[in-house]
Each structure stands twice: as C-alpha cells, then as structure tokens.
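Worksheet: one structure, shown below.
4 protein chains.
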Amino acid sequence: MNIEEIRRIFQNAPFISALGIDLVSAGDGECATKLTIGSRHLQQDGFVHAGVQSTMADHTAGAAAGTLTGSGDIVLTAEFKINLLRPARGEALLCRARVINPGRKLMVVESEVYCLADSTETLVSKLLGTMAVVPLRDP
Amino acid sequence: MNIEEIRRIFQNAPFISALGIDLVSAGDGECATKLTIGSRHLQQDGFVHAGVQSTMADHTAGAAAGTLTGSGDIVLTAEFKINLLRPARGEALLCRARVINPGRKLMVVESEVYCLADSTETLVSKLLGTMAVVPLRDP
Amino acid sequence: MNIEEIRRIFQNAPFISALGIDLVSAGDGECATKLTIGSRHLQQDGFVHAGVQSTMADHTAGAAAGTLTGSGDIVLTAEFKINLLRPARGEALLCRARVINPGRKLMVVESEVYCLADSTETLVSKLLGTMAVVPLRDP
Amino acid sequence: MNIEEIRRIFQNAPFISALGIDLVSAGDGECATKLTIGSRHLQQDGFVHAGVQSTMADHTAGAAAGTLTGSGDIVLTAEFKINLLRPARGEALLCRARVINPGRKLMVVESEVYCLADSTETLVSKLLGTMAVVPLRDP
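Chains as they are written, first to last, in my numbering: chain A, 16 to 154; chain B, 16 to 154; chain C, 16 to 154; chain D, 16 to 154.
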C-alpha cells in the first residue's frame, strides 16, 4: 500500500480517530505516529493507560506491515507482546514501528513508544508482534 | 481491594469509561467485565480493533490482581502478550481474568475475551501477562 | 497425526531425546510429557534452567498441534511467550499442552509446566504461543 | 558483575555447558554468545530446535542483565517472548542481547539470534523479556 492507502487506514478506523492517533510517516516497512495526550487517555492513577500505548504500538506496527502488502490484502494482528517500561505521563506519545521479517503471510514487527515530557523523549513501551496478511475477501 | 475499590478503578480511569468497559464482578483474584460493541470500537475493516480487546483484557487482568492487593498499593501493567484468535464482530465483548500466580510484587494473570454474536459466545483473544504491585507513593 | 507419528517426533528430535523429554499421551489437540530432573538441566543457582522449561513447553505444544494436522504437514513454532512463575527445583517436570484455536495454517496453543517435589505438583511456568502448519516440502 | 563473574555463570550452568553456548563478550548491559550447531541441537525436521534458540536468547539476555547487578544479586527470568522468524540451519548461532530498561528489580531485555550459514548471518529469532533481580538468599 502507498502512503495514501495507509492514511485511509487511519481515517477509516474509528477507534484510531477517536483516540487521536495521527499518521506522521510511512513507507518501506516503517511507520511513525503521534498522539497528543489528553485526560481521556489516562488510567486511574493519572498515567497513560497501557491500552492506549498498546493500541498505538499495535496499529502503527500494522501500518508498517501494510506498506509492504498489495492493495488486495488486509493486515490483521495475530498476536503481540508489549513491555510497559515505566509509567507514562507527559504531553505526547510518539511511536515508531518497523517490520523485522517481511513474510508473505506473516510479518514480524516491532514498535517503540516514546513519551514527550518537558522537551525530553523517553522510551515507555516496546512491542514485538506478528501481523497476518489476509486476502481482502477471506479474513 | 474490595469490590467498591475495584469499581472506583473503573470509574476513575477515563480511558475505560470512554470505551464503555463495565465491571461485572470481582473478587478472590478474578474479575469479569463487559462492553457493548459500537462503531467507535472498530478498525478499518469493521472488526473490533485489537487495541480495544487488549485494553479490556489488560484492564480486567489488572482489576483481578487488584482484588489481592492492599489499598496502599497500585497495580501497574509490566507486560502482556495477547493472541487475537479470529476477527471479532458482534454485539458485545465479555472478558474474564484471573491471577494464576499471586506474588507479593509481581502477579501473573490471564484473560480471555469472548465475542457475543447471535446468542453465541466465541473466544476471540487470550492474554498472558504480568502486573507489578507498587506502593501508592512510588510508582 | 496419530500417536505413533507423534511418538516419532519425540524420537527423531535429537534435542528432545538428549533432554530426556518423554511423551506421556497425545490426541485431540492435547499432549502431555514428562522429564526426570537431573543436574544437566540446571542453571548456575541450582534451579531448572528457563530454557529447559521453555523447550518442554514449546515441544509439547507443538505435539498437541501435530495431533490435528495431516501427515503431509509439519509444525513449526512461529512464536511463544512463557512466564516463569517461581524457581523450579524437584524430581520431575510434567507438561500439559492444548490447542486453544485450531486454525488451518496457525494454531494457538498453551502449555503448563508443573514441578514435582516431595509428592506435590506446583505450576512453575505457563506458555502461550503460535504454531505454523507448513507443507512438508515448503518450510 | 564483571566479566569473570559472568563467565562463571556460563561455566556453572550445566545446561548451558551441555549445549555448548560460549560467552563471547559482556559488559555495560550487553552480552554476546556463540554456539556451534551439532546434530544434538536439532528437531525432527533437521532445523535447530526452537528450544535451543530460546535457551541461548534467554541466557544471553540474563547475562546482559547480570552485567548491571551487584554480586549479591542473582538474575532470574520472569518471562520472555520469542519470535522464530525462519527455520534455522547452518554452522553456528550467534546471539547478541542488551538491556533496554535497567530497573533495580526488573530489567527489560532483548536478544537477537543469527544463524551463520555459508558465510552469511541471518536473523532467525528475536526475544523480548523481563529479568527479575533477586537477592542471593531470597529467590
């Protein structure tokens, strides 16, 4: 998929629009995204919810995989593992994902999520996962 | 924490309220939750986003761990792994989580997410993860 | 594969024979194995090495998947995640694995490893993983 | 721990000696190891067993964590996730591990395993995991 098709994946995914995850760049098995942290992203102690970080890391990884598939295919998450390294609190999250093994049917991906606070970026979570490439008609 | 304290974790977590994840039951290292699927939960192909399932599985597991901690402690996700077994489409998600190893500082947890469609419940994802128990003042 | 074919997977895998992992039972998406703990299985502090537990949990899960495939297919581990719940020390390890999602190309599996010490079985590790089913000629 | 103490972890771990996993270098949160592939490392189809790769990736990651701990502490694997990217066949495995989050009690680590065949190194597996740092007397 080209950058316009990737952009449409962000626009046409209501959960991603609702969270405010924006596409920054995509191409050649890589993707970067950004999210401005608001109170709606928090858990009960005032930190960004693990689910927000997971969603961002997963979706960005899926888009990185999408840059390597044909437009007749869709990308579905088969599984992922994420380590939350420290509580995340700040102004924004930045995510960078890349495909580390571009198989025809399975793509292994990794993502890093950074939290921007007081002009400093800190790695807050890391994902390692597997995306399934599936024909559009047969998910 | 008792059921009222667990309930407050759901009410005081803006991301969980926004998603519409409701507490069904909690106690003795277990927790169950429910979510009515709406269009805001979907990804670009009309399925429930992996991030919604992950958030629900993670938060429910955290609450299961919370039933075994004192009220001076908070529970933070250290890491989790989730397998998405099949595309999820239907009316509601149901999640059941339990602690499989109740350590003092680390609790190993698992969650299962079921999708309810046409009166049938199908297992759609499974999480295995680790929760860190941290004193309230020192996250 | 039937029980005899599964048995051959244990006999023809030199690493499994060398470790002394024995097939106990197999069928219908399930498998059980056993290992008598010896000093060769230990790490530097006298506990069973995480790698021994991982190998046993992975191989038993692969065999569980194998009970559901045709004899023209082989089963390869795509990925797994394992939680080591506590240091393992005792006389034997017992492992039980089962397929929780029997896909045609991917099977999601889980395994539990128990340590037998002083006539008591304790859960020491839990695996959640994905097996790829691949035609014999095209691994 | 310094390089000599790390070296002792390899010598005093019978499972690691038996597998032939050799320390190449260690320091500053990093470690590298090597293994010459023999028939005893294989599974039933002639590939290096996932358990061998897991053991190597796990132990090397534990040693990387060990370079950052005091000598009164031991490092135990809490959990790890490994993706097996492709069947591994060749002359040797090389592993490089590093700590990506050096916590006082938990260290998040990653390892990459490369297979050397016909003078070419190929990435065959990737691990993301968590090591627990535990006082010597209280594992």
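We put the beta carbon where it would ideally sit given N, CA and C, even for glycine.
The beta carbon of B:D73 sits closer than 6 Å to the beta carbons of T92 and F95 from its chain, once the five residues preceding and following it are set aside; these are given in chain order. Note on geometry: alpha-carbon atoms of D:L57 and C:N17 lie some 22 Å from one another. Note that the C-beta distance between A:C110 and A:A47 is below 8 Å. C:L99 is not a Cβ neighbour of C:V124, given a cutoff of 8 Å. Look at A:L138 here: in three-state DSSP terms it is strand. Contact between D:A103 and D:V63 holds: their C-beta atoms lie close to 4 Å from each other, under 8 Å. Between B:L108 and B:L50, the C-beta gap is smaller than 8 Å, which places the two residues in contact. Residue-level contact check: D:A41 does not touch chain C, since none of the beta carbons of chain C fall below 8 Å from its beta carbon. The beta-carbon separation of D:A79 and D:V114, rounded to 5 Å, stays under the 8 Å limit for a contact.
With contacts defined as CB atoms closer than 8 Å, D:L142 and D:A76 qualify as a contacting pair. Residue state for B:A33 is assigned as helix, using DSSP reduced to three classes. Residue nearest to A:T70 within the set A:V149, A:G144, A:V148 and A:R22 is A:G144 (criterion: CA-CA distance). Under the Cβ criterion of 8 Å, B:K49 is not counted among the residues facing chain C.
Separation of B:D88 and B:V149 (C-alpha to C-alpha, rounded to the nearest whole angstrom) is 5 Å.
Closest in C-alpha terms to A:E19, from the list A:F30, A:I36 and A:G42, comes A:G42. With a threshold of 8 Å between beta carbons, A:V123 makes contact with chain D.
In this structure, the alpha-carbon of C:M146 lies about 14 Å from that of A:M122.
Taking 8 Å as the CB threshold, C:I89 stays off the interface with chain B.
Around the beta carbon of B:T82, 16 or more other beta carbons lie within 10 angstroms, which makes this residue buried.
At a cut-off of 8 Å between beta carbons, A:I24 makes no contact with chain D. A straight-line Cα-Cα distance of about 14 Å links A:S32 and A:G53. For D:T48, the uninterrupted beta strand (DSSP E) segment begins and ends at E45 to T51. In summary, the residues of the stretch 52-81 of chain A whose CB is separated from some CB of chain B by less than 7 Å are S54, R55, H56, L57, Q58, Q59, D60, H64, A65, G66, V67, S69, T70, D73 and H74, in the order they occur in the chain. Excluding five sequence positions before and after D:F25, the CB atoms of its chain that fall closer than 6 Å to its own CB belong to I31 and L38, given in chain order. The three-state reading of DSSP puts A:R111 in strand, counting E and B together.
Within the same chain, M122 and V123 come within 8 Å of D:N116 by CB-CB distance, once the 5 residues on both sides are set aside.
Going by C-alpha positions, C:Q68 is about 27 Å away from B:E45. Chain order gives the chain B residues near D:T145 as A93, E94 and T145, where near means a beta carbon separation below 8 Å. When the five nearest sequence neighbours on each side are left out, the beta carbons in the same chain lying within less than 7 Å of the beta carbon of A:G105 are those of I52, C130, L131 and A132, in order along the chain.
Closest in alpha carbon position to B:G118, among B:G85, B:R152 and B:L34, is B:G85. The continuous beta strand (DSSP E) containing D:E125 extends over residues L121 to A132.
With a threshold of 8 Å between beta carbons, A:P29 makes contact with chain B. Boundaries of the alpha helix (DSSP H) around C:E20: I18 to Q26.
For B:L108, none of the residues of chain A pass the 7 Å Cβ criterion, the least Cβ distance being about 13 Å. Sorting C:K120, C:R22, C:S126 and C:L34 by C-alpha distance to the C-alpha of C:S40 places C:R22 at the top.
Around the beta carbon of C:L34, 16 or more other beta carbons sit within 10 angstroms, so the residue counts as buried.
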